[in-house]
Each structure stands twice: as structure tokens, then as C-alpha cells.
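Residue numbers (my numbering): 147 to 534.
No residue lacks a Cβ here, since even glycine has one placed at the ideal position from N, Cα and C.
Okay, structure first, notes after.
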């Protein structure tokens, strides 16, 4: 009897052992399946970098199926390093960088079509990452030009551009940056190309610059590196600045509101939102084994809550439209949304993107008292070489 009991006890332990082995370890628990390691190369700096790393940390804590590892690559070295590694089948799974870097990676064949659903993002922003009607990156965050005003000095904000201009209130701006002035320039008929050819020296462009320089001479526009300080101390009541400047204004406890140029100029003011950060996936590493993990990371970054945290930390505005639901007129979110909705929806392969650096350079030279016609002629000559 004793030997029979021992025999049954042994069988019982064997059954328990096989049952436990059959269940296997669970993912995310000690001894479980290892998470998919997703390497992300990024070129962001300052507050943008800090917030991105913070979001990576949150993803790793929330999603046990993936482990996100961020690697910072300086913007000037980004494309070269990607090209060198991908030639050997290496490199990261995801890229996060400014639009110009993403565009160059696409041209080199380093990107595959995005895996994540693009429907939540603004179509106007998505256009800049779209090639042949297919999205090769998704916009994540963008900086937006806005007209700020002091609520303690401007009781009734202007309803249109004529009202603003006739108020004779000077507008401070930190630099003669084309991107800041782009909505006003576009509303005045500004162009970069015509008939698929460069048109940087078009008369409408020289006329606008003439008006801008005259406004500087008259004191209507004050270009000063201390523009934010002038505004925050009440020396001027209007500031042409970026959405990201709102962080500084809040720190200085300025009682401010803002207006989109699209509101002032009836949607004719189309800002060129070149300061947009995109998320793309590698053509080399986007295989069937990692698709779900890559998609998961991209979806987490594009979540409304993630966008809200990024906006609070950096002042950059999320590309996710859900962030802007039911925002009242005059608030940063509402005016930024109006600007984004009505921005210049240039597709990724548009000639204007290639012409932009030349035109921006001409603007900077003119800020140093260079002749308008000479600078535009130089830019046009250089632009004509692009297509050769």
C-alpha cells in the first residue's frame, strides 16, 4: 500500500510539473517573453528632446510588449549616418526629426509608408509628408505663427487686418523670419513658383518686401531680439511670435491672448508650417516581425494625451485634431488650430520646399539692409540651378 501511495504521489507531481510548463511565462513578467526593442533616432533638442524622452519612458512603463530606446543624432549628421547604416541593413526602426530631414530620408529610400492610421492628424500638415498620395511620415508637433496681444491694453481685438493696421499700434517681432511673416505674405499674393518654375523674384514678392521695410522705417513693425521682453513689459501691445513663445509669456505672467492671421485675413493667410516634426518608420527595419511593435509606439506618441503633455512642456502644437476639440476663440489652441487648418498644404515633393531655404536666406540678407531686387535676383538664379 505504501509503495502504491508513493507511486500515485509521483504521478501527481509530474502532472503539476507538466501543467506549469505548458502555461509558459507571461510577457512583461520575470522570465516572460522579451519585449520588442524599438530603436528611435531623433534630432530634437532642448525641451523637445526632454519631452520626447519622457514619453519614451511612459511608453516603456505602460506597454510591456515594447522597449523604446531613443538615440540622439545631431541634425547635421542625421542623413549621413542613416545612409551609412542602412546600406548594411542596420539602423533604427523609427525616425523623429524635422520635415526637411524626413524629406531627405524619403528621397534616399530610407522610409516605408507609415503603419499608423493618419486620420486623426490635420490633412494640411499630413500633406508635407505625402508623396504620390501616400504618407511616408506622420506629423507629430508643429510651431505656429500667431499675433499675440495684451488683454490689459487691447480691450477689443481687431476683427480683420485693416483694423489691426489702422490701429497704429506697433507690432514687435524677434527677427525678420520669413516663416513668421508667411501668412501675411501669402495673403498679399506671395509666391515661390509659377508654372512649376521658380519665381522668387516675382513682383508680388518685391512689393511685399518693400511694404515690410517701409513698415519697419515707420515704426509700425519693430524687429528686435528683445521683442518678447518689449511685449511682456508693456512697451508694445502686439507681438508676432510662435506658439512656443507662449511658454515664456506664461512664465512672465503676461495677460495675453492671440489671433490667427487666417482669422484676420479670411483664410487667405496660409502659413508655411516648415517647423513641423515628423514620425517615420525605416524601410529596412519595417518587417512583419516588428510591424505591430512599431505601430504601437507611433500610436502612443500620437495619442491626444501625449500631444497635450508635449504642448504643455514645449509650446509646440500637436498634429492630432482631437486635441483642439471645443476650444474658445482667442485661446492658443483655437487660434493655432485655425492656422493649421488653413496652412499652405504643400505636398512633400512640391518645388516650394526646395526653394524655401533660398528665399529665407534672401529675407535674412535684406534684414541686414541688402537691396531687395539684388537679393531676390541672386535667390532666383540659385533656384534655377536646382532643376538642372
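| Check | Outcome |
| --- | --- |
| DSSP beta-bridge partners for residue 531? | Paired residue(s): none; residue 531 is not in a bridge. |
| With a threshold of 16 other CB atoms inside 10 Å of the CB of residue 270, please say whether the residue is buried or exposed. | buried |
| Report yes or no: do three or more beta-carbon pairs, one from the segment 326-335 and one from the segment 436-448, lie closer than 8 Å? | no |
| Between residue 315 and residue 369, is the Cβ-Cβ spacing less than 8 Å? | no |
| In angstroms, rounded to a whole number, what distance separates the CA positions of residue 458 and residue 479? | 11 Å |
| Tell me where the alpha helix (DSSP H) around residue 431 begins and ends. | It is not in any alpha helix (DSSP H) - residue 431 carries neither H nor E in the DSSP assignment. |
| Our contact map puts residue 260 next to residue 284 with C-beta atoms below 8 Å; I'd like the distance itself, whole angstroms only. | 5 Å |
| Residue 295 and residue 384: beta carbons closer than 8 Å? | yes |
| Of all the options 485, 289, 522 and 444, which has the alpha carbon lying nearest to the alpha carbon of residue 390? | 289 |
| Ignore the nearest five residues each way along the sequence and tell me which others in residue 360's own chain have a CB closer than 6 Å to its CB. | none |
| What do you get for residue 448, buried or exposed, if any count of 16 or more other CB atoms within 10 angstroms of its CB means buried? | buried |
| Would residue 201 be called buried (16 or more neighbouring beta carbons within 10 Å of its own) or exposed? | buried |
| So what's residue 215 in DSSP terms, helix, strand or just coil? | strand |
| Since residue 338 and residue 346 are thought to touch, with beta carbons under 8 Å apart, how far apart are those beta carbons, to the nearest angstrom? | 6 Å |
| Is it the case that the Cβ atoms of residue 426 and residue 324 are separated by a distance below 8 Å? | no |
| Short of 6 Å in beta carbon distance, which residues of its chain neighbour residue 340, apart from the five on each side in sequence? Order them along the chain. | none |
| What do you get for residue 374, buried or exposed, if any count of 16 or more other CB atoms within 10 angstroms of its CB means buried? | buried |
| Verify whether the separation of the beta carbon atoms of residue 184 and residue 223 is less than 8 Å. | no |
| What is the DSSP secondary structure of residue 280, counted as helix, strand or coil? | strand |
| On a CA-only basis, which of 298, 365, 205 and 456 is nearest residue 378? Give me that one, please. | 298 |
| Would you mind working out which of 419, 351, 376 and 525 sits nearest residue 492, comparing C-alpha positions? | 419 |
| Mind checking which residues open and close the alpha helix (DSSP H) that includes residue 394? | 392-397 |
| Quick check on residue 351: does DSSP put it in helix, strand or coil? | helix |
| Measuring straight from C-alpha to C-alpha, what distance separates residue 304 and residue 293? | 11 Å |
| Shorter than 7 Å, the distance from the beta carbon of residue 288 to the closest heavy atom of the ligand ZN, or not? | Inclusion of the ligand ZN in the displayed structure is not the case, the ligand content being empty and no account of it being possible. |
| Does residue 302 pass the burial test, meaning 16 or more other C-beta atoms within 10 Å, or should it be called exposed? | exposed |
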